[in-house]
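The structure appears right after this line, and notes come after that.
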Amino acid sequence: MSQSNAVRREEAAPVPPPPAAQAFELRPLAGPVGAELIGLDLGRELSSADFKRVHQAHLDHHLLVFRDQRITPQQHIDFSRRFGRLMIHVLHQFHLANYPEILIVSNIIENGQPVGLGDAGKYWHSDISYKELPSLGSLLHAQELPAQGGDTLFANMHLAYDTLPAALRNAVEGKRAVHSYLAKYGQLQKEGNWRPNLSAQQVAQVQAVSHPVVRTHPENGRRALFVSEGFTTHIEGLPEDESRQLLDELFAHSVRPEHIYRHRWQPHDLVFWDNRSLIHLAGGTPDHLRRKLYRTTIEGDAPF
1 MSQSNAVRRE EAAPVPPPPA AQAFELRPLA GPVGAELIGL DLGRELSSAD
51 FKRVHQAHLD HHLLVFRDQR ITPQQHIDFS RRFGRLMIHV LHQFHLANYP
101 EILIVSNIIE NGQPVGLGDA GKYWHSDISY KELPSLGSLL HAQELPAQGG
151 DTLFANMHLA YDTLPAALRN AVEGKRAVHS YLAKYGQLQK EGNWRPNLSA
201 QQVAQVQAVS HPVVRTHPEN GRRALFVSEG FTTHIEGLPE DESRQLLDEL
251 FAHSVRPEHI YRHRWQPHDL VFWDNRSLIH LAGGTPDHLR RKLYRTTIEG
301 DAPF
């Protein structure tokens with residue numbers, strides 16, 4: 001066969017059809033945040049129309065629960081990447097083998113070594129707020145669930161801002177706060193055996209950054225508090241005692257019961273939340289019960 005004939009045959013190869021639309025239902029959850037999507041299979045490539053619907057639902061509800069997702073790590077990564085660049089967590093010790101985009105969140109010990117990060121989410125936080133470009137959102141996929149415990153709590157930071165008392169709102173207007181991955185790291189090391197000592201290279205990856213105390217969501221335009229007990233160390237320009245008092249008031253207000261949704265995990269749930277809108281907390285798992293989940297995290301924009 002001549003080269004020109006081979007080229008013509010290659011050019012004439014059929015174009016694969018676009019992904020077929022899927023029939024799925026969007027069902028808002030009871031509470032201040034969240035919706036579940038019933039009937040969507042993330043193991044299949046989403047059509048552009050289906051993806052647009054999912055994206056809008058994420059903006060509207062800040063948290064989406066995809067039920068019964070029997071997907072592979074690569075499918076988890078592929079779906080996550082449709083929303084943006086994925087972030088690689090500094091604790092490389094807990095990356096899933098061959099998939100550095102996935103952080104293992106687990107309390108399981110095998111051969112004397114932790115399988116994943118067992119104390120992840122012990123303090124309220126927004127994932128990776130300690131970067132210049134903090135996270136847009138995170139996707140957590142249940143692999144192994146305990147018979148009791150293991151819930152995750154989410155607090156709506158748009159509501160937290162909207163309901164701020166006038167004096168507190170005035171106090172934070174125009175303020176900036178410092179976020180550090182190391183804010184609670186030493187304390188967590190004392191409280192358990194999950195946190196390895198960081199190398200100099202790892203420490204260099206998590207230098208403290210400054211962000212607005214109140215940020216504007218780049219896609220929905222709403223304002224939200226952007227501080228958390230897990231990563232926020234102080235408010236710039238204030239004496240230490242005033243900064244501490246103001247942060248404590250903001251933390252307490254953020255997690256009032258009416259701002260919180262508690263997710264009770266079901267097998268194969270995948271939960272996708274907006275780190276620009278929410279903070280979250282691990283509810284705790286009894287030590288003798290196994291829990292393992294896989295997490296991807298999407299890079300966002302510089303807060304403003």
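Just so we're aligned: 134 in our numbering is position 134 of the sequence shown, and the numbers increase by one with no gaps anywhere. Beta carbons: idealized from backbone N, C-alpha and C, even for Gly.
Burial state of residue i, where buried means 16 or more other Cβ atoms lie within 10 Å
{"i": "E101", "result": "buried"}
{"i": "A20", "result": "exposed"}
{"i": "Q207", "result": "exposed"}
{"i": "N210", "result": "Note that residue 210 is Ser in the sequence shown here, rather than Asn. Under this definition S210 is an exposed residue."}
{"i": "A49", "result": "exposed"}
{"i": "N197", "result": "exposed"}
{"i": "E36", "result": "buried"}
{"i": "S199", "result": "exposed"}
Distance between beta carbons of residue j and residue i, contact taken as under 8 Å
{"i": "L136", "j": "V271", "result": "The Cβ separation is near 15 Å, so there is no contact."}
{"i": "I279", "j": "S126", "result": "5 Å"}
{"i": "R291", "j": "L103", "result": "In fact, because the Cβ distance is near 14 Å, the residues do not count as touching under 8 Å."}
Range covered by the alpha helix (DSSP H) that runs through residue i
{"i": "S243", "result": "E240 to S254"}
{"i": "D162", "result": "M157 to D162"}
Coarse secondary structure for residue i, derived from DSSP in three states
{"i": "V172", "result": "helix"}
{"i": "Q143", "result": "strand"}
{"i": "G137", "result": "strand"}
{"i": "Q205", "result": "coil"}
{"i": "F94", "result": "helix"}
{"i": "A167", "result": "helix"}
{"i": "A224", "result": "strand"}
{"i": "P16", "result": "coil"}
{"i": "P218", "result": "coil"}
{"i": "P313", "result": "No answer is possible for residue 313: the residues shown for the chain start at 1 and end at 304."}
Cut-off 8 Å between Cβ atoms - residues of its own chain near residue i, not counting five sequence neighbours on either side
{"i": "S47", "result": "P18, P19, A20, A21 and Q22"}
{"i": "I71", "result": "L42, G43, F79, H141 and L270"}
{"i": "Q75", "result": "L42 and G43"}
{"i": "A57", "result": "L26, A35, L37 and L64"}
Start and end residues, beta strand (DSSP E) containing residue i
{"i": "I260", "result": "I260 to H263"}
{"i": "H51", "result": "Inspection of the sequence shows that residue 51 is occupied by Phe rather than by His. Taken as a continuous stretch (DSSP letters only), F51 belongs to no beta strand (DSSP E), being part of the alpha helix (DSSP H) at S48 to H61."}
{"i": "R81", "result": "Careful: R81 lies outside any beta strand (DSSP E), inside the alpha helix (DSSP H) at P73 to R81."}
{"i": "Y123", "result": "That residue, Y123, is in no beta strand (DSSP E); it is neither H nor E in DSSP."}
{"i": "E191", "result": "Counting along the chain, E191 falls outside any beta strand (DSSP E), though it belongs to the alpha helix (DSSP H) covering Y185 to E191."}
{"i": "R290", "result": "It is not in any beta strand (DSSP E) - R290 carries neither H nor E in the DSSP assignment."}
{"i": "A35", "result": "A35 to I38"}
Close Cβ partners of residue i (< 6 Å) along its chain, the five nearest in sequence each way excluded
{"i": "P134", "result": "I128 and G300"}
{"i": "Q69", "result": "L42, H268 and L270"}
{"i": "P286", "result": "G149"}
Own chain, CB closer than 7 Å to residue i, minus 5 neighbours either side, in chain order
{"i": "Y161", "result": "V214, R223, A224 and L225"}
{"i": "A282", "result": "A120, G121, K122 and T152"}
{"i": "E45", "result": "P19"}
Test: residue i CB closer than 7 Å to a CB of chain B
{"i": "K122", "result": "The structure shown has no chain B; it contains just one protein chain."}
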